[in-house]
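>
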Amino acid sequence: MSLCERNYAALHRLLPALSEVGTHSDIQFGIASRYRLTILEVAPFTTRLKIALLQDESSSYQPGFFQPDFDVQLYHDARLAEVVRVQQQWRFSAVYPYPNPTMSQPDEKRQINLLLRDWLKLCAKAGYRTEPEVFR
Numbered sequence: 023m024s025l026c027e028r029n030y031a032a033l034h035r036l037l038p039a040l041s042e043v044g045t046h047s048d049i050q051f052g053i054a055s056r057y058r059l060t061i062l063e064v065a066p067f068t069t070r071l072k073i074a075l076l077q078d079e080s081s082s083y084q085p086g087f088f089q090p091d092f093d094v095q096l097y098h099d100a101r102l103a104e105v106v107r108v109q110q111q112w113r114f115s116a117v118y119p120y121p122n123p124t125m126s127q128p129d130e131k132r133q134i135n136l137l138l139r140d141w142l143k144l145c146a147k148a149g150y151r152t153e154p155e156v157f158r
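Residue numbering for the sequence shown follows this note's numbering, beginning at 23 and increasing consecutively.
Okay, here's the thing in structure tokens:
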């Protein structure tokens, strides 16, 4: 729980000021790496957002290589942030038996939330937020 609390606090600073569906803010790392935080859903006590690496013509990334893309559910009443989707995988169990058919790690859910923590640390250390835009 403390991991999700720390992720919420760090992520809350990066969110666009206007919390409407479609609003986004960009986090820039150097010249070629830019992530976009896009608000997907807004409810009274929750917000779901997508964090994705943007591709442009000047980028050195090749199709087929790992490109981080995950959805995060924010629970405002509890002040928690939880990763609910990574790449194309949804719904993670708290603990997996090992071995299992999907070869998930026993603590897969925790590792995914640690990935978010590491990304947020990178944002705090080396990234900067660009101006948010609203598309309707």
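Note that beta-carbon positions come from the ideal geometry of N, C-alpha and C, so glycine has one too.
Can you give me the start and stop residues for the alpha helix (DSSP H) that His34 sits inside?
Taking the sequence shown and counting its residues from 1, the one referred to as residue 34 is at position 12. First-last of the alpha helix (DSSP H) with His34: Ser24 to His34.
> Roughly how many whole angstroms lie between the Cα atoms of Pro90 and Glu42?
Here residue 90 refers to the residue found at position 68 when the sequence shown is read from its first residue. Here residue 42 refers to the residue found at position 20 when the sequence shown is read from its first residue. Cα to Cα, the separation comes out at about 23 Å.
> When burial is assigned at 16 or more other CB atoms within 10 Å of the CB, is Cys145 buried or exposed?
Residue mapping note: residue 145 aligns to position 123 of the sequence shown, counting from 1. Its Cβ being crowded by 16 or more others within 10 Å, Cys145 is buried.
> Helix, strand or coil, according to DSSP, for Gln95 in the structure here?
The residue you call residue 95 lines up with position 73 of the sequence shown. It is a strand residue.
> With a CB to CB cut of under 7 Å and the five nearest residues on each side skipped, what residues in its chain are close to Gly149?
Here residue 149 refers to the residue found at position 127 when the sequence shown is read from its first residue. Excluding positions up to five away in sequence, the list reads Ile49, Gln50 and Phe51.
> What's the call for Leu71, buried or exposed, on a 16-neighbour Cβ count within 10 Å?
Within the sequence shown, numbered from 1, the residue matching residue 71 stands at position 49. Buried.
> So, for Ala31: in the same chain, excluding its five sequence neighbours on each side, which residues have a beta-carbon less than 8 Å away from its beta-carbon?
As a position in the sequence shown, residue 31 is number 9, starting the count at 1. Once the five neighbours on either side are set aside, the close Cβ partners of Ala31 are Arg101.
> Tell me, which residues are paired with Arg102 by DSSP?
Working through the sequence shown from its first residue, we reach residue 102 at position 80. With the sequence shown as reference, residue 102 is identified as Leu, and Arg is not the correct amino acid for it. Leu102 has Tyr97 as its beta-bridge partners, per DSSP.
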